[in-house]
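Heads up: the sequence shown runs through residues 1039 to 1432, numbered per the working numbering.
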Amino acid sequence: MNKTILILGGGWGGLTAAHALRGMLASEYRIAVIEKRQSFVFYPSFIRAIIGEKTDLNYIESPLKKLLRKDIEVINEEVIRINPETRTVYTNSQTIPCDFIIIAMGAELYPDIIPGFNGFCLNLYDTQGAFEIHQKLKNFTKGKIAFLIARTPFRCPPAPYEAALLTESFMRKKGVRQDVEISIYTPEKQPMPVAGQQIGEAFNQILKAHNINYYPEHSVTKIEGDSNKMLFANNTETNYDLLVGVPPHGAPKSIADSALTDSTGYIPVHPQTMQIIDKADELTTRYPGVFAIGDVAAIRLLNGALLPKGGVFAEEQAHVVARNIVSQIKGEKTSDAFNGKGICYVDVGDDMAAEGSGDFYAYPAPHVNLEMPSKESRKAKHEFERIFELWFKK
Ligand SMILES: Cc1cc2nc3c(=O)[nH]c(=O)nc-3n(C[C@H](O)[C@H](O)[C@H](O)COP(=O)(O)OP(=O)(O)OC[C@H]3O[C@@H](n4cnc5c(N)ncnc54)[C@H](O)[C@@H]3O)c2cc1C
């Protein structure tokens, strides 16, 4: 019997799921991606764009109509509501019942939450913002550059730190580093808190070695752009000449409107199967056939922290869910499990990156290892971009 599988969101996780499913199921099975944007956006390129390494928009975004696999149906509409009980998806123009739903709608950016963010803070987490930051950095010769993390959690915990380190290296190459102060302000207690104290200390050392000031436990309340000032919840304030920020994140509105979130603000899922669960401490599901993967999903780790929002996790979860859906369709008994492991490459400037590998399901806390920075790791990081060649026509 033919089945319809709807994938909500055509980002890193959603398109991985679509390709994995299409590779395993014959054409009579309908696999449709519902995506509100015209293009796939690959966020890791943003931090390379800010230092002018990515001037070509084609390595940041690719129109979905250029997908090589024409047997993946793309519905260019916005998901408005999901009924997980009846497995029905409502878009801005139609209602689609289906057999399986994979929610891969990522995290949304909510800059409006911080007064002054819009208008006075350059957004590190969007394409236009990344290009604007590069224009400013190119002409910046003197003064203070502040990197701001507005709220947690946010996508890719190392990214703003990498952006600061790449900027530091960029200013050094320009010969103006001695006249440029670089500072990071964040509500976090340490860099990448989920990775543990040791990784935080290693990161602090890297920042110190690059003469980057670090202000943890600084939660911004307001940006007064007319006087180039930021105010924080701890009653301190600071001035800047150039402000680059990561806006607050949250689940897309339609997810909250569908009552799918819990106290984390995201969709609680089973840590191995990615099925939506009722309560984080009771790993039971009310909605068989409905999954959430990637940044929109919340997985509570054994130390109480949430699994970080990373593309490598979205990708692996997509494969696990795809294999399990296919097993179910074919009536096989086998099932696959996401294991909480992942590798990332952290840019530290000077064409180097440090490989970080983590087992986030380790007990009693995630086990993360950070290698010494190397040029090989930076090259390995560029391999991610191969998805453009794999998925899209040039
Ligand atoms: C600067 C930066 C650097 C990063 N570097 C790395 C890295 O080196 N390694 C790594 O592993 N991760 C990295 N990440 C994180 C990674 O990009 C994300 O974790 C990943 O994109 C999550 O995939 P996703 O499919 O869950 O969400 P997304 O890729 O955000 O895709 C979600 C999609 O859903 C769509 N959508 C949302 N709402 C709706 C709706 N209502 N209707 C229809 N469509 C909708 C969105 O338009 C979007 O296309 C980085 C992120 C940033 C910002």
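Note that beta-carbon positions come from the ideal geometry of N, C-alpha and C, so glycine has one too.
If you're wondering where the values come from, they're calculated on a predicted model, not measured in any experiment.
What did DSSP end up calling residue i once you bin it into helix, strand or coil?
i	result
Thr1127	Contrary to the premise, residue 1127 reads as Val rather than Thr in this sequence. Strand, per DSSP.
Pro1122	coil
Gln1355	helix
Thr1190	coil
Gln1228	coil
Met1268	strand
Tyr1199	helix
Asn1362	helix
Arg1210	helix
Arg1215	helix
Gly1332	helix
Leu1046	strand
Gly1380	strand
Leu1345	coil
Thr1276	strand
Thr1133	strand
Asp1295	helix
Leu1204	helix
Lys1104	helix
Ile1183	strand
Lys1368	helix
What residue does the alpha helix (DSSP H) around residue i start on, and which one ends it?
i	result
His1172	1165 to 1177
His1420	1413 to 1420
Glu1393	That residue, Glu1393, is in no alpha helix (DSSP H); its beta strand (DSSP E) goes 1390 to 1397.
Phe1084	1084 to 1087
Gly1238	1235 to 1247
Phe1376	Taken as a continuous stretch (DSSP letters only), Phe1376 belongs to no alpha helix (DSSP H), as it is neither H nor E.
Leu1053	1050 to 1062
Glu1427	1424 to 1429
Phe1078	No alpha helix (DSSP H) contains Phe1078, which is instead part of the beta strand (DSSP E) from 1077 to 1079.
Gly1154	Taken as a continuous stretch (DSSP letters only), Gly1154 belongs to no alpha helix (DSSP H), as it is neither H nor E.
If I measure Cβ to Cβ from residue i and keep anything under 6 Å in the same chain, skipping five residues before and after, which residues do I get?
i	result
Thr1054	Glu1353, Ala1356
Ile1187	Pro1198, Thr1224, Val1284
Asp1316	Thr1322, Arg1324
Cys1136	Thr1042, Leu1044, Arg1125
Asp1374	Val1358, Arg1361, Asn1362
Val1218	Met1209
Spatial neighbours of residue i within its chain, please: C-beta separation below 7 Å, excluding the five flanking residues on both sides.
i	result
Leu1408	Ile1237, Ala1240, Ala1392, Gly1394
Glu1275	Lys1267, Met1268, Leu1269
Ala1335	Tyr1304, Ile1305, Val1307, Met1312
Ala1202	Phe1185, Ile1220, Ile1222, Ile1250
Arg1119	Tyr1128, Ser1292, Asp1295, Ser1296
Gly1288	Ala1145, Glu1146, Tyr1148, Gly1303
Going by DSSP, what residue range makes up the beta strand (DSSP E) through residue i?
i	result
Arg1068	1068 to 1072
Leu1281	1280 to 1284
Ile1220	1218 to 1223
Ser1100	1099 to 1101
Ile1139	1138 to 1141
Lys1260	1258 to 1262
Asn1407	1405 to 1408
Asn1251	1250 to 1253
Glu1111	1111 to 1113
In its own chain, which residues sit with a C-beta less than 8 Å from the C-beta of residue i, not counting the 5 before and 5 after it?
i	result
Ala1058	Ala1356, His1357, Ala1360, Arg1361
Ile1098	Val1079, Phe1080, Ser1083, Phe1084, Ala1087, Lys1092, Thr1165, Ala1168
Phe1426	Phe1080, Asn1096, Tyr1097, Ser1100
Using a threshold of 8 Å, is the CB atom of residue i nearer than that to any non-hydrogen atom of ligand 3?
i	result
Val1117	Among the ligands in the structure shown, ligand 3 does not appear; only ligand 1 can be found there.
Touching by the beta-carbon criterion (3+ pairs, under 8 Å), the stretch 1204 to 1212 and the stretch 1386 to 1402: yes
Are at least three pairs of beta-carbons, each pair with one atom in the stretch 1282 to 1294 and one in the stretch 1186 to 1204, less than 8 Å apart? yes
Is it true that the stretch 1292 to 1300 meets the stretch 1083 to 1090, where meeting means three or more beta-carbon pairs spaced less than 8 Å apart? no
Three Cβ pairs or more, each shorter than 8 Å: is that satisfied between the stretch 1041 to 1048 and the stretch 1136 to 1150? yes
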